[in-house]
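Remarks on the structure that follows.
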Amino acid sequence: MKALTIHQPWASFMAMGLKKIETRGRKCHIRERVAICAGKTTPAGHQQFLKSLYNFFNTHISGDPEHKKFYKDFARLVGNRDNFITHLPLGAVVATADIVDCQPTERLRETINPIEFALGNYEDGRFGWIMDNIKPLETPIPIIGKQGFFNIPDIEMAA
37 MKALTIHQPW
47 ASFMAMGLKK
57 IETRGRKCHI
67 RERVAICAGK
77 TTPAGHQQFL
87 KSLYNFFNTH
97 ISGDPEHKKF
107 YKDFARLVGN
117 RDNFITHLPL
127 GAVVATADIV
137 DCQPTERLRE
147 TINPIEFALG
157 NYEDGRFGWI
167 MDNIKPLETP
177 IPIIGKQGFF
187 NIPDIEMAA
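Numbering follows my numbering, with no gaps: position 136 of the sequence shown is 172.
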């Protein structure tokens, strides 16, 4: 099975079904089930960005049921903890998903919801790798990740 490393907290957002598009600087030609792995480190700046995002949604949440569900799930993940990222799994498979499409971000910006937009980098020249059938693992499986796609033993039965 192919695996893809995504930094936290984005990997957990995907495992929870809050994020269904992974934005990258290159196209993806793979159309198969992959393991979603949380990276072993979290880049600097993500903590502050997510606090700002949490505060934004707390202040501007709409009456849309999808927005309310996102906020509830986001709040459960982030909460008011200053170091919530330290509570997320690192260096582990957290979910499996089907990569079903790849589209230029310029095209996706016109159709995605504001939540998905907030959880990706939709600048010109990038691509959205569209995931479907996302299945979180009940217990993350420790793994040594790599950049790009890499192969791991099939873990579908653990999902």
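C-beta: ideal position from N, C-alpha, C; glycine also.
- A residue is called buried once 16 or more other Cβ atoms fall within 10 Å of its Cβ, and Phe-85, having fewer, is exposed.
- Contact between Ile-135 and Arg-67 holds: CB atoms are separated by about 6 angstroms, below the 8 angstroms threshold.
- Every alpha helix (DSSP H) of 4 residues or more that sits fully in the segment 119-180 is shown, in chain order, as 141-144 and 150-154.
- Taking every protein chain shown into account, the CB of Ser-48 has 16 or more other CB atoms within 10 angstroms, so this residue is buried.
- Nearest C-alpha to Leu-124 among Pro-101, Gly-161, Met-50 and Phe-163: Met-50.
- As a beta-bridge residue in DSSP terms, Lys-38 pairs with Val-70 and Asn-187.
- Straight-line spacing of the CA atoms in Gly-164 and Cys-73 works out to 18 angstroms.
- Per the DSSP secondary-structure output, Thr-59 pairs in a beta bridge with Gly-164.
- Taking C-beta atoms as the reference points, Ile-148 and Ile-57 count as a pair closer than 9 angstroms.
- Between Lys-63 and Ile-188, the CB-CB gap reaches or exceeds 9 angstroms.
- DSSP, read as helix, strand or coil, puts Lys-108 in helix.
- Per the C-alpha coordinates, the member of Pro-150, Gln-139, Leu-155 and Arg-143 positioned closest to Ile-42 is Leu-155.
- Residues of the same chain with a CB within less than 6 angstroms of the CB of Arg-162, apart from the 5 flanking positions on each side, are Thr-59, Gly-61 and Thr-141 in chain order.
- According to the DSSP assignment, Met-52 belongs to no alpha helix (DSSP H), since it is labelled neither H nor E.
- Using a Cβ distance threshold of 9 angstroms, Lys-76 and Gly-184 do not count as a contacting pair.
- Here DSSP, grouped into helix, strand and coil, assigns Gln-44 to coil.
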